[in-house]
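Right, one structure below, let's go through it.
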Amino acid sequence: NKLSGQPESYCRKSRYTFGRTLGVGAFGTVRCGKDTITGEEVAIKIILKKSLKGKEQMVIDELRMLQELHHPHIVGFRDWFESKDKFYIVTQLATGGEMFDRIIQQGKFTEHDASLVIVQILEALEYLHDQDIVHRDIKPENVLYLTPDDDSEIVLADFGIAKKLHSPDEKLTHAAGSPGYAAPEVIMGLGHGKPCDIWSLGVVAYTVLCGYSPFRSENATDFIAEVKHNNAVIFHADYWKDVSKDARRFIIKALQFNPDERPTATELLNDPWLVSIAKDHKEKD
Ligand code: ADP
Ligand code: MG
């Protein structure tokens, strides 16, 4: 079960040239690079061992997991190596930027554009959940466009806090995720599993359809009160009047307060909202 790389990994760095910085995360930077053997442009995530404070196993887990994932909407793993003070993870390069930046640029998406991204994220989640893997950090910063084109396909990135469950119903307890996107059961520390990804996807869907976040609270206590009170979400008439009922129903299902009542990724892929948009579009072609 040994990972490829060591000990010759110390010299593998020279295989790659390093270019501009693509993003900065919690544990280091991600840079553009080029594989001088294959000529492929790649992304290289550079993680400072010092920043891991002894939790190097986390990076090993991320690598093991990524290495085994093969899906058109999950960022492709290419290679890894390490130096005395850094880990390097090489993946497929997504040149189209984060979904986050496209939301900032466009304000909001049309229902059709939103549905295209949501379907691709759901396909990635269906694939992960079938293998009992929970991503735990679904948000627009971790959804990347493969090309700069408007209709570019997306890949899901950042398996930094993803977990493989020992059984389909295992409950994880360690806090995870990002404020604004994490599900209430994650915030409350009640134990969470696959349904927490569905909640986060619901937040993403809401955000792209209206251009703002569904929740106003700035801390955990207020957030729990807010979602309990609203079970779970408000559609402000001014911003939602032109959005279809099916889209709103889709969001309500994904943002069920009780994780056991949330639909699975497979069920959402068959939701009337996504199915009818796909059908309408086909008829127009
Ligand atoms: P972190 O755990 O620090 O958030 P990520 O894996 O999410 O690390 O990477 C941080 C940022 O770097 C991403 O949000 C994205 O902007 C950029 N990035 C990561 N991987 C790629 C990639 N394969 N192609 C292009 N940009 C990437
Ligand atoms: Mg990230």
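For the sequence shown, the positions run 18 to 302 when the UniProt record's numbering is used.
C-beta: ideal position from N, C-alpha, C; glycine also.
Buried is the label assigned to F267, since at least 16 other Cβ atoms lie within 10 Å of its Cβ.
Note that the C-beta distance between S230 and G194 is not below 8 Å.
Annotation: the continuous alpha helix (DSSP H) that includes T283 extends over 282-286.
In the three-state DSSP reduction, K70 falls in the coil class, being neither helix nor strand.
Within 10 angstroms of the beta-carbon of F94 lie 16 or more other beta-carbons, which makes it buried. Look at D149 here: in three-state DSSP terms it is coil, with no helix or strand label. A distance below 8 Å separates the beta carbons of A179 and M82.
Taken atom to atom, the span from the alpha-carbon of D255 to that of Y223 is near 14 Å. Looking at the backbone, the Cα of L65 and that of E79 are separated by about 15 Å.
Within 7 Å of the C-beta of A174 there is at least one heavy atom belonging to the ligand ADP. Contact between the region 158-168 and the region 114-121 is established, with three or more Cβ pairs separated by less than 8 Å. In the three-state DSSP reduction, L110 falls in the coil class, being neither helix nor strand. Note on geometry: alpha-carbon atoms of F176 and S132 lie some 23 Å from one another. For F117, the enclosing alpha helix (DSSP H) starts and ends at 116-123. Following the DSSP letters along the chain, one finds K51 inside the beta strand (DSSP E) bounded by residues 45-52. Distances from the CB of Q273 to the heavy atoms of the ligand ADP are all 7 Å or more. Under the criterion of beta carbons closer than 8 Å, I171 and Y162 qualify as touching, at roughly 6 Å.
Under the three-state reduction of DSSP output, L173 falls in the strand class.
The region 88-108 and the region 28-38 touch, with three or more beta-carbon pairs separated by less than 8 Å. A residue is called buried once 16 or more other Cβ atoms fall within 10 Å of its Cβ, and F98 is buried on that count.
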